[in-house]
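Everything below concerns the one structure shown next.
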Amino acid sequence: MKKVLIVDDAAFMRLTIKELLGKIDSIEFEEAKNGIEAVSKYIETKPDVVTMDITMPDMTGLEALKLIRKADPQAKVVMVSAMGQESMVKEAVLNGARTFIVKPFKEEHVIGTIKKLLEI
Amino acid sequence: MSDQFTNEPMLDMYIFETSQLIEQLEQSILSSEKESCFTPAAINEIFRIMHTIKGSSAIMMFHNISTLAHTMEDMFYFLREEKPQKVDCSSLSDFVLDGVDFIKVEVEKIKNGDEPDGDATILIENLNLFLSNLKKENEIADSGKKEKNIPKKPQQYYISQEKVPVTEYKYRFRARIYFEEGCEMENIRAYTILHNIKDYTEEFYTIPEDVIDADDSAEIIRQDGFSVYFKTNHTYEQMNEFFQQTIFLKSLELVSLETEEEYGEYKAKKRDTIRDSLVKEISSGYVSVSGKETDKVSHSSAVQNIISVSVAKLDKLMDIVGEMVIAEAMVTQNPDLQGLVLDNFQKAAGQLNKITSELQDTVMSIRMVPLSPTFQKMHRIVRDMCKQLNKEVDLKIIGEETEVDKNIIEHISDPLMHLVRNALDHGIEPSEERRQAGKDKTGTVILEAKNSGSDVLIIVQDDGKGLDREKILKKARENNLLYKKEEDMAEQEIFNMILAPGFSTKESVSEFSGRGVGMDVVNRNIETIGGTLSVNSISGKGTTITLAIPLTLAIIDGMNIKVGRSSYTIPTISIKESLRPDEKDIIIDPEGNEMLMIRGQCFPILRLHESYKVETAVTQFKEGIMIVVEQDGRTICIFADELLGQQQVVVKSLPVYIQKMRKIKGLAGCTLLGDGSISLILDVAGLVNF
Chain A
1 MKKVLIVDDA
11 AFMRLTIKEL
21 LGKIDSIEFE
31 EAKNGIEAVS
41 KYIETKPDVV
51 TMDITMPDMT
61 GLEALKLIRK
71 ADPQAKVVMV
81 SAMGQESMVK
91 EAVLNGARTF
101 IVKPFKEEHV
111 IGTIKKLLEI
Chain B
1 MSDQFTNEPM
11 LDMYIFETSQ
21 LIEQLEQSIL
31 SSEKESCFTP
41 AAINEIFRIM
51 HTIKGSSAIM
61 MFHNISTLAH
71 TMEDMFYFLR
81 EEKPQKVDCS
91 SLSDFVLDGV
101 DFIKVEVEKI
111 KNGDEPDGDA
121 TILIENLNLF
131 LSNLKKENEI
141 ADSGKKEKNI
151 PKKPQQYYIS
161 QEKVPVTEYK
171 YRFRARIYFE
181 EGCEMENIRA
191 YTILHNIKDY
201 TEEFYTIPED
211 VIDADDSAEI
221 IRQDGFSVYF
231 KTNHTYEQMN
241 EFFQQTIFLK
251 SLELVSLETE
261 EEYGEYKAKK
271 RDTIRDSLVK
281 EISSGYVSVS
291 GKETDKVSHS
301 SAVQNIISVS
311 VAKLDKLMDI
321 VGEMVIAEAM
331 VTQNPDLQGL
341 VLDNFQKAAG
351 QLNKITSELQ
361 DTVMSIRMVP
371 LSPTFQKMHR
381 IVRDMCKQLN
391 KEVDLKIIGE
401 ETEVDKNIIE
411 HISDPLMHLV
421 RNALDHGIEP
431 SEERRQAGKD
441 KTGTVILEAK
451 NSGSDVLIIV
461 QDDGKGLDRE
471 KILKKARENN
481 LLYKKEEDMA
491 EQEIFNMILA
501 PGFSTKESVS
511 EFSGRGVGMD
521 VVNRNIETIG
531 GTLSVNSISG
541 KGTTITLAIP
551 LTLAIIDGMN
561 IKVGRSSYTI
571 PTISIKESLR
581 PDEKDIIIDP
591 EGNEMLMIRG
601 QCFPILRLHE
611 SYKVETAVTQ
621 FKEGIMIVVE
631 QDGRTICIFA
641 DELLGQQQVV
651 VKSLPVYIQK
661 MRKIKGLAGC
671 TLLGDGSISL
681 ILDVAGLVNF
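Set out below in C-alpha cells:
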C-alpha cells in the first residue's frame, strides 16, 4: 500500500486529485489543507509522495516544502502549480521538489507522475 | 464540461466551494472598502481566492469563469507584488464586485444544470484597462526602484565566473531531451534537470542557453528539445539512469562525445550562462518568499469539524422523527393497555418518551442555522445604495449568531432586503439635511436579531426622519384606506396603514425601493411563515420595524377541530376567537350567502362540511362552533362541529399523488395526531378567498 499526501486548500482540488489517483491500485490518501497541516501530517504519516499546492493560506506550499525536506531529505514532493507560477515552481525545484504538475491537469500526466515517483 | 472529470460529487463540491469562496471574497472586498483601501492581507486573500477559482473552473472546463478569475488574479498579483501607491480603490472594488456578481450568476446556472454561457469579455476588458492604467500611473513612482535592481545581475556574473572550478573530467556527453506534449512549463522542467545534474558535474552548457529568463525558451524546448552538453566522471549507464528518472520524459538521446571539439560545438559564443545564473539563484533562493505572508488573518480553524448535509436528508430525518413521536404515543397510550397494571411497562415507556422528545429537540436544532450570512448580505446592499444615492450610512449588525430554521431563512431574506432598502432610501436623509437637523452626517441602520420565547425578533432600525403621520393620513384618504375616523386612530394604527395593500407614500420611484413592491408584500411574506410585523416611528428620530418570526416552520401551534369524522388543524396564530353564535346574529343576504354579525361587523361564514363535502350531523349553527380567523386583513368565520384542543403539530406536506390529482383549495398540509389519525392543516389565506 502506497500513501499519497494531498495538500491543497481547495477541497475541490483535493477531490480532483483523489479521483484521478484513485485509478492507481493500492494507494491510500492523506489530506492537508494548508502548509502547517501538511508538515505535521507528513511527519505523522510518512507518505511516499506528497502533492503540494503552492498558493495556500497560513503557510504556502513552498515553505511547507522546505520544512518537509528538512524533516526528511528524501521526501518526494510534487508541486501542483498553475500557468503563470513559473518563478514559484523554480523556487520549489531549488528547494528539492521532485517535479511539478500544471493545472488544469491531464489525467495521464498526473497518474504518470505519481506512478513514476512511487516506482510502480 | 471535461469528460474525465464529469461526476456528481465533484460538481457539487465545485459549486459548494466556489460559492463559499465568492461569499468570502465579497466580504473581504466590502470590509476593505470600509477601511478605505485594501490591506496587504486582503490583497493576498483575494489573490488566493481568485487563484483557486481559476484552477477549479479550468478543470471543470468553465472557461468564462476561469478566464475572468485569471484576470482578477493578475490584477491582485500586480497589487501584491508592486504595491502601487495610486490605486482608485472604489472603482477597483466596483470592478471586482462586478466580477463576483458574474461568477455568482454563472455558478447559479451550473447549479441549475445549465451551461455557464455568460460573456465576461467586457468585464475582462475593463479589468485589463484598469490594470494597464494602474501600471502606467505607477511607473513614474516605481522607475527609481527598478533601476536599483538592475545592476545586481552583472555583479553576480562576475563573481561566479571567477569562481569556476577547474576540474578534469573523464567523459563528455550530449543529452537531448523531449518532454511529453502538454506537460507545460518545459523551461522549468529543463531547469529541474540542470538543478539535479549538479550532483554529477559542474561543467555543462545547454541549448537553449537561457532556460529561465528567455520568454520563448519553453516554446523552443517544446519544438527542438532540450540539449545539455556536459563533462563528468560518471559512466554512460549512470548518466542514462539519471536522465531516465526525469518525469514527463518523452524521449532521451544520450551520446558520448569523443573530442573536446565535439563538446564545444555550440559553446563558442557564450560560456556557462545558465550555470552562473543557477549559482546566483541558489545563493539567493533560500531567503525570499517567506516573510511576505506573515501578516494574514487565520480563520481556517473555525471550519473544522463541520460537515455539510443536504437539506433533503434533514427534512427526511425530521419527518421520521415526527412519525416516531406519534408511533411512541400510539404504543404507550394504546387502548388495549387500558385498565391494566403495568408497572415495568410504564417505567420503560417513560424512558422511551424522554429519549424521543430529546431526539426531536436535537433534530430541530440541527436544522437551525445562524442568520449571519443573511445579515452579511445587507452590507453589499448598503454599500451599493450609498454610492447610488450619495448618502453615508453605517450598517450595524447585532446578534447575527441567532439561529432560525433553514426554511425560515429562505423566506425572510427578501423582505429583510426590502426593509433595509426602505430604511436607506426613505428613512435616512441626505448628509446635508442631517447636518441641518443637528444629526451626525453618517446615518445608522441597525439590524438586530434576538430570541424571544418561541419567536425570533428581527429589528430593522434607522435614525432617519421617521414616518410622516400627515402624509400617511393624506395618502390613506386618497386611497380610501381609512377604516375609522382619523381622530380615533392611535399613532400605532396610522403607522400600520403603510402595511395595507396599495399603499406607498413615495411620490417618485427610485431604483431601489418602490419597484411596485410595497410594505404590504413584505408584510404578506412575513405572515406566510407565521410571523408578524410591527412599525414604530418617532418623527425626526427614526423608524423601527420589528419582525417576529417563529423559530421553525416544521412545527406550528395548531387548534384541532372536528367536522363529522374528519379532523382539521387551524394555525393558532390566525385565530381571533371562537364562539357559539346566537340565531339572531346570522344574516342571509339576497344571494343566499350566510354572514355572522359580531359587534356590529359582518363576516362571511364558511361551512367546512359543505366546502369539503364531509357528512356530519351538525349543520345547525347553535350545535356547532364558529372559529373567527383573519389573514391579510380579511376575516371569515369557519363553522365546525367542535374544538378538539390545541397542540403543537409537525407540518407535513400533502402526499405528491394527492397534489398531482387535483389542487385542493385551502389546505396547507397535513399532520398526524396523537392517536395516529390524520388531520388536514387549513391554509387560512386560501380559505378567505374560498
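Note that the protein sequences, when read in sequence, are chains A and B. In terms of UniProt numbering, the first sequence opens at residue 1 and continues consecutively. In terms of UniProt numbering, the second sequence opens at residue 1 and continues consecutively. For each residue, glycine too, the CB sits at the ideal point set by N, CA and C. From a predicted model like this one, the values you see are computed outputs, not experimental measurements.
### Task
Please state whether DSSP places Arg599 of chain B in a helix, a strand or coil.
coil
### Query
According to DSSP, what are the bridge partners of Cys637 of chain B?
B:Ile605 and B:Val628
### Task
Would you identify the three-state DSSP class for Tyr462 of chain B, choosing helix, strand or coil?
This sequence places Asp at residue 462 of chain B; Tyr is not what is there. Here Asp462 of chain B sits in strand by DSSP.
### Query
Excluding sequence positions up to five away, which residues of its chain have a Cβ less than 7 Å from the Cβ of Met597 of chain B?
Asp585 and Ile587
### Task
Could you check if Tyr263 of chain B is buried or exposed, using at least 16 other CB atoms within 10 Å of its CB as the buried criterion?
buried
### Message
Along the chain, where does the beta strand (DSSP E) containing Ser574 of chain B start, and where does it finish?
### Response
From DSSP, Ser574 of chain B is part of no beta strand (DSSP E); its letter is neither H nor E.
### Task
Please compile the residues from chain B whose C-beta is within a distance smaller than 8 Å of the C-beta of Val93 of chain A.
Those within 8 Å of Val93 of chain A in chain B are Ile188, Tyr191, Thr192 and His195.
### Message
Taking only three categories from DSSP, how would you classify Thr246 of chain B?
### Response
Assigned with DSSP and collapsed to three states, Thr246 of chain B falls in coil, not helix or strand.
### Query
Which bits of chain A does Gly55 of chain B rub up against, with CB to CB less than 8 Å?
Within chain A, the residues near Gly55 of chain B are Ala10, Met13, Ala82, Lys103 and Pro104.
### Task
With DSSP collapsed to three states, give me the class of Cys37 of chain B.
coil
### Residue closest to Leu579 of chain B, alpha-carbon to alpha-carbon, out of B:Glu623, B:Pro550, B:His609 and B:Asn480
B:Glu623
### Query
What three-state label does DSSP hand Met10 of chain B in the structure shown?
helix
### Query
Where does Tyr612 of chain B fall in DSSP's three states?
coil
### Query
Could you give the uninterrupted runs of the alpha helix (DSSP H) lying entirely in the region 363-423 of chain B, keeping only those of 4 residues or more?
372-389 and 406-422
### Query
Out of curiosity, what's the CA-to-CA distance linking Lys104 of chain B and Leu473 of chain B?
43 Å
### Message
From the DSSP secondary-structure annotation, give me the bridge partner or partners of Phe204 of chain B.
### Response
Answer by DSSP bridge pairing, in chain order: B:Phe230.
### Query
What residues match up with Glu448 of chain B in a beta bridge as DSSP calls it?
B:Ile398 and B:Ile459
### Query
Under 8 Å between the Cβ atoms of Glu535 of chain B and Ile498 of chain B?
In the sequence under discussion, the amino acid at residue 535 of chain B is Val, which differs from the Glu named in the question. The answer is yes: Cβ separation under 8 Å.
### Query
Excluding sequence positions up to five away, which residues of its chain have a Cβ less than 6 Å from the Cβ of Lys106 of chain A?
Within the same chain, no residue comes within 6 Å of Lys106 of chain A by CB-CB distance, once the 5 residues on both sides are set aside.
### Query
Just the Cα atoms here: how many angstroms apart are Leu644 of chain B and Met330 of chain B?
When rounded, the separation of the alpha-carbon atoms in Leu644 of chain B and Met330 of chain B is 18 Å.
### Query
Among residues of its own chain, excluding the 5 on either side of Ile193 of chain B, which ones have a beta-carbon nearer than 8 Å to its beta-carbon?
Ile177, Phe226, Val228, Phe243 and Thr246
#### Entry: Rounded C-alpha distance that separates Lys109 of chain B from Met50 of chain B
Taking the straight line from one Cα to the other gives about 19 Å.
### Secondary structure, beta strand (DSSP E): runs of 3+ residues fully inside the UniProt domain "HPt" (3-110) of chain B
none
### Query
When burial is assigned at 16 or more other CB atoms within 10 Å of the CB, is His63 of chain B buried or exposed?
exposed
### Task
Examine chain A for any beta-carbon lying closer than 8 Å to the beta-carbon of His51 of chain B, and answer yes or no.
So, interface residue.
### Message
Against chain B, does Lys90 of chain A count as a neighbour if the rule is that its beta carbon must be under 8 Å from one of theirs?
### Response
yes
### Below-8 Å beta-carbon distance, Glu184 of chain B vs any chain A residue
yes
#### Entry: Where the region 203-234 of chain B meets chain A: residues whose CB sits under 8 Å from a CB there
Ile212
### Message
So, at 8 Å on beta carbons, what are the nonlocal neighbours of Ile678 of chain B in its own chain, with the 5 sequence-adjacent residues on each side left out?
### Response
Ser567, Cys670, Thr671 and Leu672
### Proximity winner among A:Lys3, A:Val7 and A:Ile27, relative to Met59 of chain A (alpha-carbon distances)
Distances from the alpha-carbon of Met59 of chain A to those of A:Lys3, A:Val7 and A:Ile27 put A:Val7 closest.
### Message
If we define contact as Cβ-Cβ less than 8 Å, is Pro57 of chain A a contact residue for chain B?
### Response
yes
### Task
Can you pull the chain D residues whose beta carbon is under 8 Å from the beta carbon of Thr113 of chain A, in chain order?
This model lacks chain D altogether; the protein chains it does include are A and B.
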